[in-house]
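Novice:
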Amino acid sequence: MVPRSLSPKERKDFSEVIMSFTYQEALFEARRCLYCYDAPCIKGCPAGVNVPEFIARIRSENVLGAAKVIYAANPLGSICGRICPTEALCEKACTSKLLNVPIAIGHLQRFACDFALSKGKVIFPYPKPDKDPVAVVGGGPAGLSCAHFLRLQGYDVTLFEKEDALGGLLLHGIPRYRLPEQPAKEEIALITSGLKRERGVLNREQAERILSEFQAVFLSPGSNIPVKLDIPGEEEEGVISANDLLREVAPSKAPLPSFEGKEVAVIGGGASAMDAARTSLRLGAAKAFLLYRRSKEEMPAFPSEFEGALEEGVEFYWLVSPVEIRRINGRLELKLERMKLGAPDESGRRSPVRTGRYFRMEFDLIIKAIAALPDRESLKIWPGLELDRNGYPISKDGQSTNPKIFLGGDILKAGTVVQAVADGKTAAGRIDSWLKQGGAR
Amino acid sequence: MTPDLSVKFCGIKFPNPYILAAAPTTDDGEMVARALEAGWAGAVLKTTSVESEPVELVYPQMGAIQVNGQKLVGMVNIDLISKRHIDQVEKDVRNLKKSFPNKVIMASIMGSRKEHWQELVFRLEEAGVDMIECSFSCPHGMPERGMGSTIGQNPELTERTARWVKEAAKRAPVMIKLTPNVTDIVPIAQAVKNSGADAVCAVNTVLGLIGVDINTFAPIPTVDGMGIYGGLSGPAIKPIALHFVSKIARNVDIPISGVGGISTWRDAVEFMLVGARTVQLCTAPMHFGFRIIDDLIDGLANYLEEKGFSSVQEIIGLALPKLTTYEHLSRTHKVKSQIDLETCIKCDLCYISCRDGGHQAISLKEDRTPLVDEEKCVGCALCPQVCPVGAISMKRVA
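Going down the list, the protein sequences come from chains A and B. According to my numbering, the first sequence holds residues 9 to 449 in order. According to my numbering, the second sequence holds residues 28 to 425 in order.
1. Go through its chain and collect everything with a Cβ distance to ASP367/B's Cβ below 7 Å, but skip five positions before and after it.
2. List, in chain order, every chain A residue whose beta-carbon is nearer than 7 Å to that of TYR378/B.
3. Taking all protein chains shown into account, do 16 or more other C-beta atoms lie within 10 angstroms of the C-beta of ASN82/A, making it buried, or fewer, making it exposed?
4. Check whether the stretch 236-248 of chain B and the stretch 213-227 of chain B are in contact - that is, three or more C-beta pairs closer than 8 Å.
5. Can you give me the C-alpha to C-alpha distance between LYS422/B and SER357/B, rounded to a whole angstrom?
6. Report the rounded CA-to-CA distance for LEU236/B versus GLU83/B, giving the unit in angstroms.
7. Terminal residues of the continuous beta strand (DSSP E) containing ASP164/A?
8. Among GLY179/B, LEU300/B, THR75/B, whose alpha-carbon lies nearest the alpha-carbon of SER277/B?
9. Which of helix, strand or coil does DSSP assign to ASP138/A?
10. Within the continuous beta strand (DSSP E) that includes PHE36/B, where are the two ends?
11. Could you list the residues in the stretch 358-382 of chain B with a C-beta less than 8 Å from some C-beta on chain A, going in chain order?
12. Are the C-beta of ASN242/B and some C-beta of chain A separated by less than 7 Å?
13. In terms of DSSP beta bridges, what is PRO397/B paired with?
14. For a contact meaning CB atoms closer than 7 Å, what does LEU106/A contact in chain B?
15. Using only the heavy atoms of the ligand MN, determine whether one of them is closer than 6 Å to the beta carbon of ASP353/A.
16. Does the beta-carbon of THR363/A have 16 or more other beta-carbons within 10 angstroms, so that it is buried, or is it exposed?
17. Can you tell me where the beta strand (DSSP E) with ILE375/A in it begins and where it stops?
18. Quick check on the DSSP output: the alpha helix (DSSP H) that includes LEU387/A runs from which residue to which?
19. What does DSSP give as the partner residue(s) for GLN31/B in the beta ladder?
20. On the three-state DSSP scale, how would you describe MET169/B?
21. Let me confirm a value: ARG186/A is counted as buried when at least 16 other C-beta atoms fall within 10 Å, else exposed. Which label applies?
22. Closest to TYR400/A by CA distance: which of ASP138/A, VAL71/A, VAL10/A, ILE233/A is it?
23. At what residue ranges does the stretch 139-183 of chain B contain a whole run of the beta strand (DSSP E), taking only runs of 3 or more?
24. Taking the DSSP output, what are the residues bridged to LYS404/A?
25. Report buried or exposed for HIS167/B, applying the criterion of at least 16 other Cβ atoms within 10 angstroms of its Cβ.
26. Hey, does ARG65/A have any beta-carbon neighbour from chain B nearer than 7 Å?
27. From the DSSP output, read off the bridge partner residues of THR75/B.
28. With 7 Å set as the bound, which would you pick, yes or no: does the beta-carbon of GLY96/B sit closer than that to a beta-carbon of chain D?
29. With burial defined as no fewer than 16 other Cβ atoms inside 10 Å of the residue's Cβ, what is the status of ILE66/A: buried or exposed?
30. With H, G and I counted as helix, E and B as strand and the rest as coil, what does DSSP make of ALA281/A?
31. With a threshold of 8 Å, are at least 3 pairs of Cβ atoms found where one atom belongs to the stretch 281-299 of chain B and the other to the stretch 371-380 of chain B?
32. Judging by CA-CA distance, which residue of PRO262/B, HIS360/B, LEU259/B, SER284/B is the nearest neighbour of PRO200/B?
33. Comparing the C-beta of PRO415/B with each C-beta of chain A, is any distance below 7 Å?
34. Ignoring anything shorter than 4 residues or poking outside the stretch 241-324 of chain B, list the alpha helix (DSSP H) runs there in chain order.
35. I need the boundaries of the alpha helix (DSSP H) containing CYS49/A, first residue and last residue.
36. Just list the residues that DSSP pairs ALA273/A with in beta bridges.
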């Protein structure tokens, strides 16, 4: 079973859409778990959460024990329980799917973690650091995860993050109706308590200092430079990026912009596009259209994100590509080219092919959400760090061309928060073994 | 042709084998009337006593175990006999017989001395009762006063008391309800037979402690902080009851009404296969209501029709010749676990149970498909018990 969620009509503000399981609902759902041996759900989870074990503990009403199992593998358990695309991960692998429907693993994880958080029973026993100093650059989920697992092993970690608030995309990239501020801030606070920090934007000189003072560096600055549409009219007033919009509405007390009565076009087919469209409707938009150049099957958004947008009334136009934006009579005229599907490209998805057939639509706002790439300039400060043509550092097993620099998160194309957490954890393990083998010495 | 579900038991015709056992479900004429209306063949009215017998009940009375969410797998009660004495039960019997002349109205009685037992019989027969059941078996409360299972645990007391009742009963057959809280039930059933009583009802509840509150450390059910052992009923005791019913059927020539953990028509069939002529239910209707009679009747009729029986009486005791002793079980019979990979969902519970509870005969292939090593498989049949989808059977190899 799944917990209750707000009906589309109730989704007028940024209240969380999906409710928590009640205690009895969680027990009911936990009892369906088969407790598979060598369970496929564990392999389906990038963070490797021991799912059957934590569900068995919910079933025995040892809910704190369940949370302990989750937090051992994923320090952002409550957050991931909410925003993981479980339908593509653990629940996709769930054996119960063959009997009827998969176990609601994400909702159970959220339940157990929130239960433990509410009791104040989530405590991470960081030992007094007695190992090498390690720098973590970037305070998003990957960096926080890496710092967490390094500190658990006794490393002397310093986190470099230019923003005051830690959490990265968790706080300014995911709308509150999917991830309320409270559980996010609570879990982030738990894994950053006592963590040494340095603020400010880094330059070449500081990068060199970091490399000389620290035995290893974990670099996870994210990948958040929006890709341009590269079409005429892109700079017109009323053309904004999904990143900027999501960042603006993220803080719980933020004064919200009004899209009252506006017709909004969102260009893209990923998570940010879905979020931008759903956010627009919550801000009062009369209509939100999502324009994507391939078809529904090729959209990078996960099914649950797409379903959410569909329920809330987002209208989808597939196989259209923007060509030109013009401001006419105070509105934005978007010229679109119809596309068709061609052969699969390097991503394995069928590629959009031009047809030479055009049409025009008018909007009040156009939101760009096609993709985001790493900030090439901020990466260039790191000596020995080679980048590919899109600006991603070249790496092998998460280690960059400068062996002292390890990578994770969206700069490694994590794509999901749980993958970022997993990257951080994996890197912590690799840094540990690399340093034990002598590191750069 | 629709099979005949009626049974003859102690010369009385029951329209079907299903009887409501003496319990809270039969503690009131109005409730029994609704049950008979719904289709039950008869009812044993809750055990009554003479007016001078004090009956002081305590509350709460019930506790239960649930297994992975399945409620009332076993239930314990510390209820006693009815607070309603013979004067009220007489009236119920009269009214019910008038309204349901073709249904079987039985009364259950308990006395502390000969005169009481005999007075109860006399008054019930006057009221028109069809059959009399005697509780020699209540395991809690009553034994502290020398009643209930104190009698049923002793062959001499059983025979003597049953004889008193049988002496008094001029018309109604007498059935003695036995307790499972004995090391050997055969001498007790034989004592009933020797007394001249007409039938046994097996078995009453199993003495048990359903649980302890892990917060207050009090036994369950808890009466003002304290508790006692109670009577366990429900699906959990079915194997115990089946054992006793079959044991009596194989050793003593006396009609049996089977009771103990019956909740479906399948359970009823099993009890009849080991020798019960009628069956009694209590916990299941307490849980789900009298309405379960519809499926009890329909399921039984469909089963009989499918198996080609024209009357339910044909199945009574059919399993008995197949019960033997360990010594007589075949040593050459060999079976091996066989997994139907079409049905298998790869949960690998068979693998882990065989590894840690069997003979390490199941291995997993790369894709988690279980594979039986027939050399190692001894044929213990643990794996089909744990398989959630029924993909495993035991294949005969010798």
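Backbone N, C-alpha and C define an ideal beta-carbon position, used for all residues, glycine too. Given the structure is predicted, the values throughout are model-derived calculations rather than measurements.
Specialist: Reading it off the structure:
1. Exclusion of the five residues before and after ASP367/B leaves ALA418 as the residues of its chain whose Cβ lies within less than 7 Å of its Cβ.
2. The contacting residues are TYR45.
3. It is buried - the Cβ of ASN82/A has at least 16 other Cβ atoms within 10 Å.
4. Touching, no.
5. Looking at the backbone, the Cα of LYS422/B and that of SER357/B are separated by about 16 Å.
6. Taking the straight line from one Cα to the other gives about 21 Å.
7. 164-168 is the span of the beta strand (DSSP E), which, as asked, contains ASP164/A.
8. Note that residue 277/B is Arg in the sequence shown, not Ser. Of GLY179/B, LEU300/B, THR75/B, the residue nearest in Cα terms is LEU300/B.
9. Reduced to three states, the DSSP call for ASP138/A is coil.
10. Taken as a continuous stretch (DSSP letters only), the beta strand (DSSP E) holding PHE36/B covers 34-36.
11. Of all residues in the stretch 358-382 of chain B, only ILE372, LYS373, CYS374, ASP375, LEU376, TYR378, ILE379 place a beta-carbon less than 8 Å from a beta-carbon of chain A.
12. Closer than 7 Å to the CB of ASN242/B there is not a single CB belonging to chain A.
13. PRO397/B pairs with LEU391/B.
14. What LEU106/A touches in chain B: ILE372.
15. For the ligand MN, the structure offers nothing, since it holds no ligand at all.
16. Classification for THR363/A: exposed.
17. Looking at the DSSP string, the run of the beta strand (DSSP E) that includes ILE375/A is 373-376.
18. For LEU387/A, the enclosing alpha helix (DSSP H) has its first and last residue at 384-387.
19. Before going further, note that residue 31/B is Asp rather than Gln in the sequence given. As a beta-bridge residue in DSSP terms, ASP31/B pairs with SER338/B.
20. Assignment of MET169/B by DSSP, reduced to helix, strand and coil, places it in the helix class.
21. Buried: at least 16 other Cβ atoms inside 10 Å.
22. Of the candidates ASP138/A, VAL71/A, VAL10/A, ILE233/A, ILE233/A places its Cα closest to the Cα of TYR400/A.
23. Entirely contained in the stretch 139-183 of chain B, the beta strand (DSSP E) runs reaching 3 residues are, in chain order, 158-162.
24. GLN407/A.
25. Classification for HIS167/B: buried.
26. So, not an interface residue.
27. According to DSSP, THR75/B bridges with ILE136/B.
28. In summary, chain D is missing from the structure at hand, where the protein chains are A and B.
29. By the beta-carbon neighbour count (other beta carbons within 10 angstroms, threshold 16), ILE66/A is buried.
30. Helix, per DSSP.
31. These segments do not touch.
32. Residue SER284/B is the option with its Cα nearest to PRO200/B.
33. So yes, PRO415/B belongs to the interface.
34. Within the stretch 241-324 of chain B, the complete alpha helix (DSSP H) runs of at least 4 residues are 265-278, 292-300, 310-315.
35. Per DSSP, the continuous alpha helix (DSSP H) segment holding CYS49/A begins and ends at 48-52.
36. Bridge partners of ALA273/A: PHE297/A, ILE374/A.
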